[in-house]
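Residue numbers (our numbering): 17 to 314. Let me begin by presenting the structure, written as structure tokens, before commenting on it.
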Amino acid sequence: MKDKIKSEVIINGQSYKFYNRIGDSKELLASFNSLASRTFGGLTFDCVGGYYEPHVLVREGQVCANISVNQIPFVFDGREIFCVQLGTVMTEEAYRQRGLSRWLMEYILSQWEGQCDVLYLYANDSVTQFYPKFGFVEEKQFCVYKQGIEPSDKRAEKLRMDEEESRRLALEKYAQGNPFSRLCMRKNDTLFSFYANRVMKDCVFYSREYDVIIFASEEAGRLYCYDIFGRTEGTLEDILGEITTDKDQKIYLGFTPKEMDGFASEEYIEEDTTFFVHRSSDNIFRADRLMFPVISIA
């Protein structure tokens, strides 16, 4: 974790205060959330700090611009790698085109370029010309799917994520990792809980038979298994059988499995989103048809 920074900066003749720790300031956190809510359609953060650190520029007590640094440990093909994802990129409308995002990006790169295995971000399609100026290269990700999974007589049960017992169980299983994933997010309870307790709170299931939690949903006729966590003796097909009712249904995975037998892959396309990896990174995506797990996207 980088040292705490609070300083005065001058950008294009205008004075701002820069912070990369705002979690201990109720006023700054409230201003940050207000801007995030307006920018991203109601998105807010209960707390920040640790692995998720906003980097903000402030004027007259209000957050004018932000780029957040998400520190995310992964296990990739059995080895630990340390990744940094940039996100929550936003600027107050009245302060756009003043160089604030450029200043923040240059500062963050001065801190993290060459200090992690993979430095990456997901950009809105409307701003894809901005990031190559800083050494980011557009890359493709690939999702996999499988058809012909035999439905099981047993069904995974939906967890009520507003209950403390369900939250405890989910965190316990998350700590055990995804035994089927080539690229598995680890040790980031904050981001995991953001998905489990908020974004995907209606998509969390528990298999008593195989003692795993499953993130799954059906959208537009497609069945998605976003992630699986827990030590288990079951196979991936065993577990998928507890969430499907139709052998002919395609099941799409939100992670890249270790074993590709019977799976097909296609380019992962998310609406209004372009994936970028910094040139300083160990670009694991160039040689492999991989994807970062869906629930690791901050």
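Using N, Cα and C, we set each Cβ at its ideal position, and we do this for glycine too.
- Query: Does DSSP put residue 68 in a helix, a strand or coil?
  - Reply: strand
- Task: Only counting runs of 3 or more residues, tell me where the beta strand (DSSP E) segments fall wholly within the stretch 265-300, in order along the chain.
- Result: 267-269, 280-283 and 290-294
- Per DSSP, residue 234 forms a beta bridge with which residues? 239
- Query: With C-beta atoms as the reference, is residue 300 less than 9 Å away from residue 27?
  - Reply: no
- Query: Mind checking residue 229: buried by the 16 CB within 10 Å criterion, or exposed?
  - Reply: buried
- Message: Short of 6 Å in beta carbon distance, which residues of its chain neighbour residue 279, apart from the five on each side in sequence? Order them along the chain.
- Response: 160 and 162
- Task: With distances taken Cα to Cα, identify the nearest neighbour of residue 79 among 203, 121, 44 and 236.
- Result: 44
- Minimum C-alpha distance to residue 62 - residue among 211, 193 and 115: 211
- Message: Counting C-beta neighbours from all protein chains within 10 Å, is the total for residue 100 16 or more, i.e. buried, or is it exposed?
- Response: buried
- Message: Threshold first: 4 residues or longer. Then list the alpha helix (DSSP H) segments lying entirely within the stretch 157-218, N to C.
- Response: 180-190 and 205-210
- Task: Kindly indicate the opening and closing residues of the beta strand (DSSP E) around residue 30.
- Result: 30-35
- Item | Span separating the alpha-carbon of residue 276 from that of residue 221 | 24 Å
- Message: Given a cut-off of 9 Å on the beta-carbon distance, is the pair residue 292 and residue 147 in contact?
- Response: yes
- Query: Taking contact to mean at least 3 C-beta pairs separated by less than 8 Å, is the stretch 241-260 in contact with the stretch 162-180?
  - Reply: yes
- Item | Neighbour-count burial assignment, residue 36, 16 or more Cβ in a 10 Å radius | buried
- Message: By DSSP's criteria, residue 103 is part of a beta bridge. Which residues make up the other side?
- Response: 84
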